[in-house]
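Novice: Got a structure here, written out as structure tokens. Questions coming.
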Amino acid sequence: MSTFKRLLIGPPKKSRQLREERISKLKALPILSSDALSSVAYGYQAALSEIAFIGVAGLWIGLPIAGVIVLLLIALILSYLQVIHAYPNGGGAYAVASDQFGPVAGLVAGAALLIDYTLTVAVSVSSGIAAITTAYPSLLPWTVPLCLLGILGIMVMNLRGMNESASILMWPTYLFIISIVAMEVVGFIHLSHAGWHYKQTPQFGVLPKEITVLLILRAFASGCSALTGIEAISNATPQFREPTIRNAQKTLLWLGLLLAIMFAGTSYLTFMKGLQVNSNFTLLGMLAQSYFHTGFFFYFIQFTTFAVLILAANTSYSGFPLLAALMARDRFMPRMFELRGDRLGYSNGIIVLSVLASILIIAFNGQTDELIPLYAIGVFLSFTLAQTGLVKRWFKTKTSGWIWRTAINSFGGLLSAIVTVVFAVAKFTQGAWIVLVVLPLIIYFGIQVHRHYDRIADHLRINMAQLKPLAHKTIVIVPIGGVNRVVAGTLSYALSVSDQVIAFYVGFDDESIEKMEQKWKQWDTGIRLVTARSQYRSVVRPLMRFLTTVENYEGAPDHIIVAIPQFVTRRWWHNILHNQTSIMLRTILLYRKDIVVTTVPYHLGD
Numbered sequence: 201m202s203t204f205k206r207l208l209i210g211p212p213k214k215s216r217q218l219r220e221e222r223i224s225k226l227k228a229l230p231i232l233s234s235d236a237l238s239s240v241a242y243g244y245q246a247a248l249s250e251i252a253f254i255g256v257a258g259l260w261i262g263l264p265i266a267g268v269i270v271l272l273l274i275a276l277i278l279s280y281l282q283v284i285h286a287y288p289n290g291g292g293a294y295a296v297a298s299d300q301f302g303p304v305a306g307l308v309a310g311a312a313l314l315i316d317y318t319l320t321v322a323v324s325v326s327s328g329i330a331a332i333t334t335a336y337p338s339l340l341p342w343t344v345p346l347c348l349l350g351i352l353g354i355m356v357m358n359l360r361g362m363n364e365s366a367s368i369l370m371w372p373t374y375l376f377i378i379s380i381v382a383m384e385v386v387g388f389i390h391l392s393h394a395g396w397h398y399k400q401t402p403q404f405g406v407l408p409k410e411i412t413v414l415l416i417l418r419a420f421a422s423g424c425s426a427l428t429g430i431e432a433i434s435n436a437t438p439q440f441r442e443p444t445i446r447n448a449q450k451t452l453l454w455l456g457l458l459l460a461i462m463f464a465g466t467s468y469l470t471f472m473k474g475l476q477v478n479s480n481f482t483l484l485g486m487l488a489q490s491y492f493h494t495g496f497f498f499y500f501i502q503f504t505t506f507a508v509l510i511l512a513a514n515t516s517y518s519g520f521p522l523l524a525a526l527m528a529r530d531r532f533m534p535r536m537f538e539l540r541g542d543r544l545g546y547s548n549g550i551i552v553l554s555v556l557a558s559i560l561i562i563a564f565n566g567q568t569d570e571l572i573p574l575y576a577i578g579v580f581l582s583f584t585l586a587q588t589g590l591v592k593r594w595f596k597t598k599t600s601g602w603i604w605r606t607a608i609n610s611f612g613g614l615l616s617a618i619v620t621v622v623f624a625v626a627k628f629t630q631g632a633w634i635v636l637v638v639l640p641l642i643i644y645f646g647i648q649v650h651r652h653y654d655r656i657a658d659h660l661r662i663n664m665a666q667l668k669p670l671a672h673k674t675i676v677i678v679p680i681g682g683v684n685r686v687v688a689g690t691l692s693y694a695l696s697v698s699d700q701v702i703a704f705y706v707g708f709d710d711e712s713i714e715k716m717e718q719k720w721k722q723w724d725t726g727i728r729l730v731t732a733r734s735q736y737r738s739v740v741r742p743l744m745r746f747l748t749t750v751e752n753y754e755g756a757p758d759h760i761i762v763a764i765p766q767f768v769t770r771r772w773w774h775n776i777l778h779n780q781t782s783i784m785l786r787t788i789l790l791y792r793k794d795i796v797v798t799t800v801p802y803h804l805g806d
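Below, the structure is given as structure tokens:
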């Protein structure tokens with residue numbers, strides 16, 4: 201098993217190699233930005249889908265919506281640049297909300313982000329697999345297994361370490377960026393040659409009678425799915441090479457610039473081409489086809505889009521484990537999330553994220569359309585908390601430029617709050633209610649975990665001047681099933697611990713007890729043997745009664761040690777044939793106060 205693990209994820213790394221796991225800007229951009237950049241493939245389409253029933257007359261409304269989304273993008277980029285500077289230890293909205301509004305608000309932001317990270321994996325992988333099944337319909341029955349296989353592959357790469365996975369996964373994202381920017385260049389050259397207007401370009405500015413403020417808000421909220429993933433860089437700031445803050449900020453600026461160019465450019469060209477939402481084709485695919493027909497570059501764009509959608513899930517594998525580790529450090533999550541694995545990554549977080557995303561894939565049958573309504577509420581709730589937290593910070597500190605900083609964060613916070621509310625209301629019956637139910641449950645879980653750790657800390661805290669280690673009087677009880685080598689070894693250990701040793705034997709009839717007593721007398725160890733008859737063939741009950749008797753006996757020892765013999769087999773499947781009674785005894789005795797359970801191994805030959 202160990203050999204297979206090493207083959208799969210590589211040899212373990214020393215703690216001093218942790219610095220080597222940090223990534224450069226060139227690697228960080230594709231790894232931490234793939235989620236945000238991939239939204240170019242569906243963000244504008246999501247907005248137009250809400251107003252698609254209006255027809256061509258409503259297409260122009262998508263442009264001002266896209267413009268406001270770009271403004272919100274700028275506000276978010278400027279906000280998270282400040283988050284990186286103020287909170288360089290990572291955590292993003294969780295760190296801001298915890299610092300400015302207290303631990304409960306931080307827990308709300310953290311829980312929202314954990315949900316969003318999990319959904320990002322499920323949505324991204326299912327979207328990528330949908331592209332494959334569209335091209336090869338015969339694979340449709342295998343949608344769920346293919347999704348699970350995709351999650352497994354990404355999990356293994358991340359268990360190998362971020363630096364190593366980044367070296368492999370960075371290229372598809374860069375190819376996607378190149379393909380989209382190249383298409384935009386070709387598109388604008390083509391548009392200029394056409395006199396900046398196509399025959400099919402819809403009329404701009406005529407308001408259809410079907411349009412309402414609520415409909416525009418719904419389209420805006422859906423289009424804001426293009427902004428998911430922006431927070432990933434600020435959350436993962438500690439994973440950058442030195443100078444950490446500067447490198448993270450530069451990477452975030454690159455992301456903002458690229459996303460603005462790619463989203464605005466494709467949105468504008470889509471409008472100029474008069475393209476409408478089609479259930480069988482993506483708008484991005486139709487835009488590429490309008491310029492390149494079905495030539496090589498069309499398929500190249502389709503392939504890179506599929507690849508970046510799959511890799512968008514990788515952004516969550518950077519954010520979820522680190523955020524879970526920060527929350528575990530603050531005692532809102534189990535401490536296992538704070539531990540680094542053999543390859544210096546937060547392995548437990550990586551595995552748990554994979555399991556949760558897999559459950560979503562199975563529950564929703566790998567259907568992207570059913571997962572989308574759950575998406576984005578969490579991240580925009582965290583956006584809102586982060587920006588309002590920064591507003592409070594600027595009012596308190598009043599550092600240089602605090603007025604314009606406050607204005608930017610207020611604008612971003614207001615729009616983020618609107619998106620959160622509209623998403624929650626508009627998508628409630630389509631599945632958003634699940635997030636609104638799960639979010640409080642995670643918050644409740646975090647509060648209970650925190651209280652538990654506080655109670656344990658209070659219980660374990662000592663006054664070092666008063667409490668000192670003391671030697672205790674002990675008696676060792678050895679449950680035995682016969683006279684053999686493993687019993688001899690266990691009794692030898694017991695004698696080395698205490699001079700009071702009792703062997704305890706349970707017989708199911710008088711004959712077996714009599715035989716055991718004769719053997720014991722013949723062996724002549726000088727150790728006392730106590731026997732008990734079990735009418736109901738239970739080993740556990742007689743032992744429990746005997747332990748209670750010893751505990752209640754006048755002058756009883758401070759501690760009772762139960763030394764349980766255990767076979768150590770050479771082959772894993774041999775364990776099925778041995779040790780069942782010892783496992784049961786250990787499990788039950790663990791909950792008995794003042795009972796110390798120790799296992800004495802005996803290594804069997806083949």
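Heads up: the sequence shown begins at 201 in this note's numbering, then just goes up one per residue. Just so you know, even glycine gets a beta-carbon here, dropped at the ideal spot from N, CA and C. Values in this document were obtained by computation on a predicted structure and should not be read as measured data.
If you draw a straight line from the C-alpha of Ala-432 to the C-alpha of Lys-592, how long is it?
Specialist: Using only the alpha carbons, I get a separation of about 22 Å.
Novice: Would you identify the three-state DSSP class for Gln-630, choosing helix, strand or coil?
Specialist: Gln-630: helix per DSSP, three-state reduction.
Novice: Per DSSP, Ala-703 forms a beta bridge with which residues?
Specialist: DSSP output for Ala-703 lists Val-678 and Leu-729 as bridge partner(s).
Novice: Check Asn-289 in the structure and name its three-state DSSP category.
Specialist: Coil.
Novice: Could you say which of Ser-367, Phe-583 and Thr-629 lies nearest to Ile-608 if we only look at CA atoms?
Specialist: If we check each option's Cα against that of Ile-608, Phe-583 comes out closest.
Novice: Are the stretch 653 to 665 and the stretch 729 to 745 touching, with three or more C-beta to C-beta distances below 8 Å?
Specialist: These segments do not touch.
Novice: At which residues does the alpha helix (DSSP H) containing Ala-524 begin and terminate?
Specialist: That run of the alpha helix (DSSP H) goes 496 to 529.
Novice: To the nearest angstrom, report how far apart Thr-606 and Lys-225 are at their CA atoms.
Specialist: Each residue's alpha carbon lies about 29 Å from the other.
Novice: When burial is assigned at 16 or more other CB atoms within 10 Å of the CB, is Ala-488 buried or exposed?
Specialist: Its Cβ being crowded by 16 or more others within 10 Å, Ala-488 is buried.
Novice: Where does the unbroken alpha helix (DSSP H) through Val-686 begin, and where does it stop?
Specialist: Val-686 -> alpha helix (DSSP H) spans 685 to 697.
Novice: Please list the terminal residues of the continuous beta strand (DSSP E) segment that includes Gly-799.
Specialist: The sequence shown places Thr at residue 799, not Gly. Here the beta strand (DSSP E) through Thr-799 covers 795 to 803.
Novice: I'd like to check one pair, Gly-423 with Val-256: are the Cβ atoms closer than 8 Å?
Specialist: No, the pair does not count as a contact, with Cβ atoms beyond the cut-off.
Novice: Please report the distance separating the alpha-carbon of Gly-353 from that of Glu-717.
Specialist: About 60 Å.
Novice: Under 8 Å between the Cβ atoms of Val-797 and Ile-764?
Specialist: Closer than 8 Å, so yes.
Novice: Just tell me which of Asp-710, Ile-501, Gly-601 and Ala-617 has its CA closest to the CA of Ser-379.
Specialist: It is Ile-501 whose Cα lies nearest to the Cα of Ser-379.
Novice: With DSSP run on the structure shown, which of helix, strand or coil describes Ala-257?
Specialist: DSSP places Ala-257 in helix when its eight states are reduced to three.
Novice: By how many angstroms is the C-alpha of Leu-237 removed from the C-alpha of Leu-459?
Specialist: Those two C-alpha atoms are separated by around 6 Å.
Novice: Using C-beta distances below 8 Å, list every residue in its chain close to Tyr-575, excluding the 5 sequence neighbours before and after it, in chain order.
Specialist: These residues qualify, in order along the chain: Asp-316, Leu-319, Thr-320, Val-323, Ser-425 and Thr-428.
Novice: Determine the burial state of Met-462: buried for a count of at least 16 other Cβ atoms within 10 Å of its Cβ, exposed for fewer.
Specialist: Buried, by the Cβ-count rule.
Novice: Can you pull the DSSP bridge partners for His-759?
Specialist: Thr-674, per the DSSP bridge assignment.
Novice: With 16 other CB atoms within 10 Å as the buried threshold, where does Asp-709 fall?
Specialist: Its Cβ having fewer than 16 others within 10 Å, Asp-709 is exposed.
Novice: Who does Val-768 pair with in a DSSP beta bridge?
Specialist: Looking at the DSSP assignment, Val-768 forms a beta bridge with His-803.
Novice: Select from Ala-703, Ser-327, Thr-470 and Gln-666 the residue whose C-alpha is nearest the C-alpha of Ala-266.
Specialist: That would be Thr-470, whose Cα lies nearest to the Cα of Ala-266.
Novice: Let me check understanding here. Comparing Cα to Cα, which of Leu-263, Ile-445, Ala-241 and Thr-444 lies closest to Val-381?
Specialist: Of Leu-263, Ile-445, Ala-241 and Thr-444, the residue nearest in Cα terms is Ala-241.
Novice: Cα separation between Trp-604 and Leu-271?
Specialist: Rounded to the nearest angstrom, the two C-alpha atoms are 15 Å apart.
Novice: What does a CB cutoff of less than 6 Å around Ile-680 pick up in its chain, not counting 5 residues either side in sequence?
Specialist: Here the set comprises Val-687, Ala-703 and Tyr-705.
Novice: Can you tell me the Cα-Cα spacing of Pro-811 and Ala-309, whole angstroms?
Specialist: Given that the chain is displayed from residue 201 to residue 806, the structure contains no residue 811 and the question cannot be resolved.
Novice: Is the separation between the beta-carbon of Ala-312 and that of Leu-641 shorter than 8 Å?
Specialist: Not a contact, by the Cβ cut-off of 8 Å.
Novice: Give me, in chain order, the residues of the same chain whose beta-carbon lies closer than 7 Å to that of Gly-387; leave out the 5 immediate sequence neighbours on both sides.
Specialist: Closer than 7 Å at Cβ, skipping near neighbours: Leu-469 and Tyr-491.
Novice: Measure the beta-carbon distance from Gly-519 to Asn-435 and round it to whole angstroms, keeping in mind my assumption that it falls under 8 Å.
Specialist: Confirmed, about 5 Å.
Novice: Can you tell me whether DSSP reads Ile-662 as helix, strand or coil?
Specialist: If DSSP states are grouped into helix, strand and coil, Ile-662 belongs with coil.
Novice: Between Val-701 and Ala-694, how many whole angstroms is the CB-CB distance? I'm expecting something under 8 Å.
Specialist: Rounded, the Cβ-Cβ distance is 4 Å, consistent with contact.
Novice: Between Ile-713 and Arg-733, how many whole angstroms is the CB-CB distance? I'm expecting something under 8 Å.
Specialist: 6 Å between Cβ atoms; contact.
Novice: With a threshold of 8 Å on Cβ separation, who are the neighbours of Pro-573 within its own chain once the five nearest residues in sequence on each side are excluded?
Specialist: Correct list, in chain order: Lys-627, Gln-630, Gly-631 and Ala-632.
Novice: Determine contact between the stretch 535 to 552 and the stretch 502 to 522, defined as no fewer than three beta-carbon pairs at a distance below 8 Å.
Specialist: As far as the Cβ criterion goes, the stretch 535 to 552 touches the stretch 502 to 522, which means the pair count is three or higher.
Novice: Among Leu-571, Val-649 and Arg-418, whose alpha-carbon lies nearest the alpha-carbon of Arg-531?
Specialist: Of Leu-571, Val-649 and Arg-418, the residue nearest in Cα terms is Val-649.
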